[in-house]
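In terms of my numbering, the sequence shown opens at residue 2 and continues consecutively.
Glycine residues also receive a C-beta, built at the ideal position from the N, C-alpha and C atoms.
Every value quoted in this text rests on a predicted model; they were computed, and no experiment measured them.
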Amino acid sequence: MNILIPLAAAGVAVHLFKLEGSTGLSALMPFIIGGFAIHIVLPIRYKLPFFFSLCIAALFIILGAETSIWILALGMGLFGVTQMPVSLKTKQYTILACTAIIAMLFLNGVFPNKVIPVLGGIFMFRMIAFLHEMKHQKQPRSIWMQLSYFFLLPNLIFFIFPVVDYKVFTDSYYRKPAYATYQKGIIWIANGLLHLFLYRIIYYYFIPPPSSIATVYDLLLFLVASYALIVRLAGIFHFSAGVICLFGFDLPPTFQHYFFAQNFSDLWRRINIYWRDFVMKVFYYPIFFKIKHIGTAPAIIATILIVFFINWFLHGYQWFWIRGSFPLTIQDAVFWGVFGIVVAINAAMQVARRPKRINHLVFSPLHAAKVALSVIGTFMFIALLWSFWTTNDIRQWAEMMLLFTTVSVRQALTIVLGIAVLTGIGIGIQYLYFKIPKGTSWFYWPPRFKLQFITAMLVLGCIFAFPGINQRIQGTLNFDMAPVLETRLNAADQENMFKGYYETLLPNQSLMGSPLDEINREKPDNWKNLSETTFYTPTNDIFLKRITPNLDTTLKMAPFKTNSAGFRDDEFTVDQSPGNLRIALNGGSIEMGAGVPNEQIFASIVESKLNTEKPFADLGWDTADLLNFSMPDNHMPQQIGTTDRLIPRYQPDIVIYTAHHRERLRLIRNLKILGTRNVKTGYPYLQEILQELSNTPEPKQQQAQELADAVIKWGLETFRDSCQAMGAIPVWVYIPVLNRNLDLEEKDELMAMAREVGIITLDLSQVFQNAEGVSPIDLCLAEWDRHFSPLAHGMVGDALYQALVESEQLRSTLRNLAEERNID
Numbered sequence: 002m003n004i005l006i007p008l009a010a011a012g013v014a015v016h017l018f019k020l021e022g023s024t025g026l027s028a029l030m031p032f033i034i035g036g037f038a039i040h041i042v043l044p045i046r047y048k049l050p051f052f053f054s055l056c057i058a059a060l061f062i063i064l065g066a067e068t069s070i071w072i073l074a075l076g077m078g079l080f081g082v083t084q085m086p087v088s089l090k091t092k093q094y095t096i097l098a099c100t101a102i103i104a105m106l107f108l109n110g111v112f113p114n115k116v117i118p119v120l121g122g123i124f125m126f127r128m129i130a131f132l133h134e135m136k137h138q139k140q141p142r143s144i145w146m147q148l149s150y151f152f153l154l155p156n157l158i159f160f161i162f163p164v165v166d167y168k169v170f171t172d173s174y175y176r177k178p179a180y181a182t183y184q185k186g187i188i189w190i191a192n193g194l195l196h197l198f199l200y201r202i203i204y205y206y207f208i209p210p211p212s213s214i215a216t217v218y219d220l221l222l223f224l225v226a227s228y229a230l231i232v233r234l235a236g237i238f239h240f241s242a243g244v245i246c247l248f249g250f251d252l253p254p255t256f257q258h259y260f261f262a263q264n265f266s267d268l269w270r271r272i273n274i275y276w277r278d279f280v281m282k283v284f285y286y287p288i289f290f291k292i293k294h295i296g297t298a299p300a301i302i303a304t305i306l307i308v309f310f311i312n313w314f315l316h317g318y319q320w321f322w323i324r325g326s327f328p329l330t331i332q333d334a335v336f337w338g339v340f341g342i343v344v345a346i347n348a349a350m351q352v353a354r355r356p357k358r359i360n361h362l363v364f365s366p367l368h369a370a371k372v373a374l375s376v377i378g379t380f381m382f383i384a385l386l387w388s389f390w391t392t393n394d395i396r397q398w399a400e401m402m403l404l405f406t407t408v409s410v411r412q413a414l415t416i417v418l419g420i421a422v423l424t425g426i427g428i429g430i431q432y433l434y435f436k437i438p439k440g441t442s443w444f445y446w447p448p449r450f451k452l453q454f455i456t457a458m459l460v461l462g463c464i465f466a467f468p469g470i471n472q473r474i475q476g477t478l479n480f481d482m483a484p485v486l487e488t489r490l491n492a493a494d495q496e497n498m499f500k501g502y503y504e505t506l507l508p509n510q511s512l513m514g515s516p517l518d519e520i521n522r523e524k525p526d527n528w529k530n531l532s533e534t535t536f537y538t539p540t541n542d543i544f545l546k547r548i549t550p551n552l553d554t555t556l557k558m559a560p561f562k563t564n565s566a567g568f569r570d571d572e573f574t575v576d577q578s579p580g581n582l583r584i585a586l587n588g589g590s591i592e593m594g595a596g597v598p599n600e601q602i603f604a605s606i607v608e609s610k611l612n613t614e615k616p617f618a619d620l621g622w623d624t625a626d627l628l629n630f631s632m633p634d635n636h637m638p639q640q641i642g643t644t645d646r647l648i649p650r651y652q653p654d655i656v657i658y659t660a661h662h663r664e665r666l667r668l669i670r671n672l673k674i675l676g677t678r679n680v681k682t683g684y685p686y687l688q689e690i691l692q693e694l695s696n697t698p699e700p701k702q703q704q705a706q707e708l709a710d711a712v713i714k715w716g717l718e719t720f721r722d723s724c725q726a727m728g729a730i731p732v733w734v735y736i737p738v739l740n741r742n743l744d745l746e747e748k749d750e751l752m753a754m755a756r757e758v759g760i761i762t763l764d765l766s767q768v769f770q771n772a773e774g775v776s777p778i779d780l781c782l783a784e785w786d787r788h789f790s791p792l793a794h795g796m797v798g799d800a801l802y803q804a805l806v807e808s809e810q811l812r813s814t815l816r817n818l819a820e821e822r823n824i825d
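What follows is the structure in C-alpha cells.
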C-alpha cells in the first residue's frame, strides 16, 4: 500500500493536470497502476510473462486492433530473426534487410499512422544494443526476459525513449530487495511528473515569441527558457525508468543534474546518460581500441569526433522512424560538430593536465566561485548552441543574435551584475552543502522519507487541481489557472499557428517538438490550407495570389465554392437595386471561412439576418447583400488594393475593413514579402516603405511598431478616401482570433487611429468571452486548425449583425446616404 497510494495519486495527478495529454499518458496510467498491483502478488516465475502480456494488452487498447496487429506482426518478425539458429552476422544482415524493406513500405504509405513510430521507438536502438550484447553473452536469457526488453510499457506512447542497455536491464532484475526497487520507481515517476509540470510552466510563461524579442534581456530569456525545455525529455525519461523499476528492474538514473555541468565533458556525462553509455559501448570503445596505437590523447580526440559524427547520423536515423524523413541539416551538423569539438578539447585538456587536489575538509570560496562561473558559462554556451540546433530559420536566428551587438554600457553592466549575483548564489549553495550534514540533504534522505514526502506532494497537487478547489483559487487570486492545469499553446506557437504560407517563426525542430508540433502531427494528410492546393496561384502584384474562379470542390472536409471573380461567394452582380444595402467585406482566411460551408460563414449569416429582420427598412434599405472579397493571407496592402481596384465596380454602400490580433506584426511580414518579390504596388508611399525595408536590417521592435503605425495610418486614410470616392461608408471592424492572449492594447490603439481619420469602428473583441457551455476547442475548426468553426462563425455573425444595427453613427450615416440618393 505504501507504493500503491502514491502511484494512484500520480495517476490522478496525470488526469487532473492533463500531463502529456497528446501522447496518451492518462490512458496508460491504469495499466501501470493495475499492472503493478497484480505484479506484486504474482510468483516470480509469472512476473515476466505478465509484464509482456500487460504491454500487449495496453498496445491493443490504446492504439487499436489494426495498428497493434501491424506492430506485433512486424515486431515479432524482427524478434524472431534474433532467435534463428544461425550466426550472429547472418542475423545482423537479415535484420538490415528486414529494416530496409520496412522503410520502403513506410515511405510508400503502407502502414497506418502510428505503426512505424511505435515500432521504431521499440527497435531502432535497442535492437542494436541487443545484437551487440549477443556477441558477449555466455548464457542466453529467457525468452520472456528478451521480449520484456523490447516491449516496455511506456514505450507505447513515448517514441523518444531511453536506450536501456540490455545487460543492465537483465542484470538489474530483482538484484535488490523488491520494496527498495519499487520505492525508487515511484520516486522517479514523481520526479518525471514534476519535470513535465515544469516544462508546461516554462513553455507557456517564459518562452517569448521571436517577434517580441527587442532587447538583449529578451534574447537571454529566450535562450535560457528554450534550453530549459529539455526538462520535458528528462521528465519522460525519469517517468519511463520509474515505471520499469516498478516491475522489478533496478535501473540506473537517466539524467544527473545536467544544468549544473561544469564543462562540456561533464555535460556529456550527465545528460541522457543511457544514450552516452550506448554510444560509448557500441561505437566509442571499439573505435578507440582500434586506433589507440596513434597515442592515447590523439586516439581519444579522434574517437570523440568520430562518435559525435555518428551522433549526427543517428539523430537523422531516429527522426526517420518517428517523423518519416531523414534530415541532415546545417543545424544538426553545427550542433553535433561543435559539441564534439568542445568535448574533445575538454578531454584533451584533462589528459594533458593532472587534476589538482582539493581539500574537501576546508571550504574554498575561490574554488566555489570557479565552479559557479564554470556552470554559468557551460549552461549559456549550450543554450546558445541549442537555440541554433532547434531553429528552422538560420537567417532569423542570426538576426536575433545581432542583438548582442547592440548592448549598451548599462545593459552590459547589468548582465555582469547578474552573473555576479548568480555566482554569489552558487557560492552560497556550495557553502550550505559543505556545512549541512549529509544526512539532512534530500539526496541522502532515506527512501521512506522521500516516499512520504512525495505522497504528500502528490495528494496536495491533486487537491489543488480538483475543479472546485482551483476555481476558488482562481477567483481569489484573479489569475487564470488554465495554462497550469492543461497544456495551452504559448504566445510563440499561437503566433506561429496564424502564419501565412510564406512566413516562418523559428519553430522547434527537435524530435520532442512543441505542443503545436504534436497537434499538427494529428492533422489528416488531406487537410490542406488553400495556399497548399492547386487552386491558389501566387502572383507578382499587390494581391500576391489569385484563387481559381468557379470552383466547386472540398477543402478541409467541407464544400468550397468560388464565383467567376474567384471569391468565396455567390455570383456578384454589378447592377444595384434601389433600396438594396450593399456591403463589401474585406478580409483574410478568417473571413473567407475555408472548412465551413458557404452558407455558414459569418458573412452569409449577416446577409441573411439583414434580409429577414430588415433593421434598416425605416431608412429605406429593405434588402441587403454582402459581397465577400476575402482571401487567405490578405493584410492591409491587399485590403487597400481590393477596396481601391476591385470593389468600386460593384457600387457598395458600406465597405468593411477587418483587423485582427497582432495586426502590426502581420503587416510588417506582409511588407517584407512584397519587397522580396519586388512587387510594384502602384502606391508611391508604399513603394518607398518597401525600398526602405529592403535597404535596412531587421527592424527592432520599437522601430517596427513605428513603421507599422505609419503604414497603418496611411492605409486607413487611403481606405477612407477610396470609400468616399465611390460614395461608400468606411467601417473598421475588429474580429478576434481564437487566442487566449489577445493584445487588446494594440486593438484599442488601432481603433483610435481609425476613428481619428473618420472611419466608423466596431469592436467584436469580446464575442467569445463568457460563452457559457462552450469549450475553446468547440470554436476551432479542428485542434490543429484555429480558424473558426461553424459555431464560432455563428457567434461572430450574430455579433457583427448586432454591432451594425446598434451603431448610431452608422445608422445616422446611412440615413444621410439614403437622403442623398432619394431612397424612400
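- Under the three-state reduction of DSSP output, P649 falls in the helix class.
- With contact defined as three or more Cβ pairs closer than 8 Å, the segment 104 to 124 and the segment 61 to 74 are in contact.
- Residues of the same chain with a CB within less than 8 Å of the CB of A9, apart from the 5 flanking positions on each side, are I34 in chain order.
- In the DSSP secondary-structure assignment, K562 is bridged to D553.
- With a cut-off of 8 Å on Cβ pairs, the segment 221 to 229 is in contact with the segment 388 to 402, counting three or more such pairs.
- Burial of Q184 is indicated by the presence of at least 16 other C-beta atoms within 10 angstroms of its C-beta.
- Closest in alpha carbon position to G193, among N109, A14, P653 and C99, is A14.
- Comparing alpha carbon positions, the residue from L582, M558 and F544 closest to G567 is F544.
- Per DSSP, N471 is not a residue of any beta strand (DSSP E); the alpha helix (DSSP H) it occupies stretches across P468 to L478.
- The beta carbon of E519 is closer than 6 Å to those of S23 in its chain, skipping five residues each way along the sequence.
- For the pair V738 and L763, the CB atoms are not nearer than the 8 Å cut-off.
- Inside the segment 191 to 237, DSSP marks whole alpha helix (DSSP H) runs of 4 or more residues at positions 217 to 229, from first to last along the chain.
- The alpha-carbon of L586 is positioned some 13 Å away from that of Q652.
- Judged by their CB atoms, F279 and A130 are nearer to each other than the 8 Å cut-off.
- The C-beta distance from I323 to F160 rounds to 5 Å, short enough to fall under 8 Å.
- Apart from the 5 residues on each side of it in sequence, I214 sits with its Cβ closer than 8 Å to the Cβ of L220, F223, M401, L404 and Q702 in its chain, given in chain order.
- Non-local beta-carbon contacts of I602 in its own chain, meaning distances under 6 Å to residues more than five positions away in sequence, involve G594 and H794 in chain order.
- S590 counts as buried, since at least 16 other C-beta atoms from the protein chains shown sit within 10 angstroms of its C-beta.
- Runs of beta strand (DSSP E) with 3 or more residues, each lying fully within the segment 668 to 748, are found at 730 to 735, listed in chain order.
- Here A457 is exposed, its C-beta having fewer than 16 other C-beta atoms within 10 Å.
- Out of T91, L195 and L55, the CA that lies nearest to the CA of K19 is found in L195.
- Selection Q495, G728, N109 and I342 evaluated against C781 yields Q495 as nearest (Cα-Cα).
- When the five nearest sequence neighbours on each side are left out, the beta carbons in the same chain lying within less than 8 Å of the beta carbon of C724 are those of T644, V656, I730 and P731, in order along the chain.
- M350 counts as exposed, since fewer than 16 other beta carbons sit within 10 angstroms of its beta carbon.
- In this structure, the alpha-carbon of R142 lies about 14 Å from that of R46.
- In this structure, G317 is the residue among Y658, I305 and G317 with its C-alpha nearest to the C-alpha of G325.
- Of the candidates Q84, E487 and L55, the residue whose Cα lies closest to the Cα of M135 is Q84.
- DSSP places T83 inside the alpha helix (DSSP H), whose first and last residues are A66 to T83.
- Relative to N393, the option among A28, P211 and I274 whose CA is nearest is P211.
- Rounded to whole angstroms, the gap between the alpha carbons of F256 and G378 is 20 Å.
- The beta-carbon distance between F573 and L552, rounded to whole angstroms, is 15 Å. This is too long to meet the 8 Å contact definition.
- Using a 10 angstroms sphere on the CB of S565, the tally of other CB atoms stays under 16, which defines it as exposed.
- Considering only M128, Q147 and P118, the residue with the shortest C-alpha distance to T171 is Q147.
- The beta carbons of L75 and L132 sit no closer together than 8 Å.
- In this structure, L374 and T424 form a Cβ contact; the two beta carbons are roughly 6 Å apart against a cut-off of 8 Å.
- Counting only runs of 4 or more residues that sit fully inside the segment 290 to 344, the alpha helix (DSSP H) segments are 297 to 324, in chain order.
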